[in-house]
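**Q** For reference, the structure I am asking about is given below.
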Amino acid sequence: AICEDVAYEAIRAGYRRLDCACDYGNEVEVGRGIARAIEDGLCTRSDLFITSKLWNTYHAPEHVPLALDRTLSDLSLDYVDEYLIHFPISMEFVPFESKYPPEWTNASGKMVVVANDMGKTWEAMEALVGTG
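Under the working numbering, the first residue of the sequence shown is numbered 5, with each subsequent residue one higher.
In structure tokens, the structure reads:
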């Protein structure tokens, strides 16, 4: 896969900071490139600084841990070094089984912005520190 090779070659060239996000739709491939680089001895996991981002459809506090778990699974990692809110725009929840990555629209193809306390989203993210 192209993204797998790009991630691998970036690490081989000396890159140690990788910026990921569920919305990019390539975390599985990037994770494979990271794993291959580690297996080949190009680096260790602790040599890398990996960022990922919480997408807009997962801002409800109960969805935050689900989204991080999915990202960790897709990247085949135990943790990320930084987990950010991708955009401060909360949108209608889209279950993984319906559409992943959800992009800007729900399963019906509509962008639905919802009211959300971003402070509660941040608290849910803070509660995950140390878990992944």
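Idealized CB from N, CA, C, for every residue including glycine.
In three-state terms, what does DSSP make of E86?
**A** Position 82 of the sequence shown, counted from the first residue, corresponds to residue 86. Correct three-state label for E86: strand.
**Q** Kindly list the residues whose CB is nearer than 6 Å to the CB of N30, restricted to its own chain and excluding five residues on each side of it in sequence; keep chain order.
**A** Position 26 of the sequence shown, counting from 1, holds the residue named residue 30. C7.
**Q** Between the Cα of P92 and those of G113, L76 and G123, spot the shortest distance and give me the residue it belongs to.
**A** Start at 1 with the first residue of the sequence shown, and residue 92 comes out as number 88. The shortest C-alpha separation from P92 is found at G123.
**Q** For K57, which residues from the same chain have a beta carbon less than 6 Å from its beta carbon, with the 5 sequence-adjacent residues on both sides left out?
**A** Position 53 of the sequence shown, counting from 1, holds the residue named residue 57. Only A25, L88 and H90 meet the Cβ criterion.
**Q** Can you give me the Cβ contacts of D85 inside the same chain, cut-off strictly under 7 Å, excluding the 5 residues immediately before and after it?
**A** Position 81 of the sequence shown holds residue 85. Excluding sequence positions up to five before and after D85, its CB lies within less than 7 Å of the CB of F53, I54 and T55, all in the same chain and listed in chain order.
**Q** From the DSSP output, in three-state form, read off R21 for me.
**A** Walking along the sequence shown from the start, residue 21 turns up at place 17. If DSSP states are grouped into helix, strand and coil, R21 belongs with the strands.
**Q** Pick out the complete beta strand (DSSP E) segments inside the region 52-87, 3 residues or longer, and give them in chain order.
**A** 53-58
**Q** Between which two residues does the alpha helix (DSSP H) harbouring G45 extend?
**A** The count along the sequence shown starts at 1 and reaches residue 45 at position 41. Segment: none, G45 is in no alpha helix (DSSP H) and carries neither H nor E.
**Q** Please report the distance separating the alpha-carbon of T61 from that of M115.
**A** As a first step, residue 61 is located in the sequence shown; it is residue number 57 there, counting from the start. As a first step, residue 115 is located in the sequence shown; it is residue number 111 there, counting from the start. About 10 Å.
**Q** Might you give, ordered along the chain, the residues of its own chain that have their beta carbon closer than 6 Å to the beta carbon of A5, omitting 5 neighbours on each side?
**A** Counting from one through the sequence shown, the residue named residue 5 turns up at place 1. Contacts found: E33.
**Q** Rounded to whole angstroms, what is the Cα-Cα separation between H63 and E13?
**A** For this step, residue 63 is matched to residue 59 along the sequence shown. For this step, residue 13 is matched to residue 9 along the sequence shown. Rounded to the nearest whole angstrom, the C-alpha separation of H63 and E13 is 33 Å.
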